[in-house]
Each structure stands twice: as C-alpha cells, then as structure tokens.
Amino acid sequence: SVKPQAQYQNTDLPVPVQGDQRWTKKFLPTVLLWMGSLENDLVWTIVDANLLKQIQVVFNVVYLELSIQLAQNGVVFSLTVQRLSEWRSNFGSTAIAIIINFLTSDKECDPQVLAGLLSKNF
C-alpha cells in the first residue's frame with residue numbers, strides 16, 4: 030500500500046530487498062556516490078522525475094535478478110530520497126562545526142569581539 034513518503038521504513042521494502050544487506054551496503058552508497066558526482070547546483074535541485082530514473086538504473090544493477098518498476102510515491106524512491114535528504118543536511122551541520130572550530134581556534138581572539146564583528150552590518 031502507498032503511504033505518505035515520510036512514513037516508509039526499511040521494513041516496508043519488498044521482501045527480496047530485505048533479504049540481504051545490499052540495500053545498505055551497495056544500493057544506498059551507490060546512489061550517494063552518484064549524487065555526489067553531480068554539479069553542485071543539481072545536488073540541491075534535481076527534479077524527482079530525473080532522480081527516479083537514476084535510482085531505477087542503480088536499483089536494476091544492484092538487484093539484477095528483480096524486475097521491479099519503481100514509482101515516485103513508492104517505498105524505494107521514498108526511502109532513497111529520505112536518505113539523500115539526511116546526507117545533504119549533514120553538509121550544513123559539518124560546515125557550521127568547521128567554521129565554529131576555525132573561529133574559536135585562535136586563543137587570542139575574544140569570542141564576544143568576534144561575534145560583534147561578524148554581526149556588524151548583518
């Protein structure tokens with residue numbers, strides 16, 4: 030049955046996909062590798078229809094023995110999009126942590142003075 034995209038869990042995947050660790054060890058890493066190879070703006074703006082085509086290509090290679098046509102509102106697409114969203118959101122968190130670490134690594138710099146300078150004209 031079709032669920033709202035955010036309600037899918039790995040247990041909703043087709044039984045043959047749950048049978049081994051290809052989902053987590055091959056399929057998702059391959060999709061992430063492909064997504065990471067895109068031009069910067071496409072990572073954030075790829076259209077669902079184009080994303081579905083690429084997910085289908087990867088799925089067909091990883092699950093060669095299965096003949097499953099993926100759907101935009103289906104479990105495979107939804108869980109993959111969820112994982113991609115988590116992957117992309119990690120960039121922001123990591124960037125913030127790196128910037129904070131960099132800005133506070135200079136022991137001679139007063140954090141309050143730095144905060145004032147950074148917020149000037151903001």
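With positions in the sequence shown counted from 1, the corresponding number in my numbering is that position plus 29.
Glycine included, every Cβ here is placed at the ideal spot set by N, Cα and C.
In terms of Cβ geometry, Leu99 and Leu81 form a close pair [threshold 8 Å].
Between Val91 and Arg117, the CB-CB gap reaches or exceeds 8 Å. DSSP, read as helix, strand or coil, puts Pro45 in helix. Just so you know, the alpha carbons of Asn119 and Arg112 end up roughly 11 Å apart. Here the alpha carbons of Val86 and Leu42 stand approximately 17 Å from one another.
The C-beta distance from Asn150 to Leu108 rounds to 44 Å, too long to meet the 8 Å contact threshold. Asp139 sits in coil when the DSSP states are folded into three classes, being neither helix nor strand.
For Ile97, there is no enclosing alpha helix (DSSP H), as DSSP marks it with neither H nor E. 8 Å or more divides the Cβ of Val104 from the Cβ of Ile84. In this model, Val46 and Pro58 are separated by some 15 Å (Cα to Cα).
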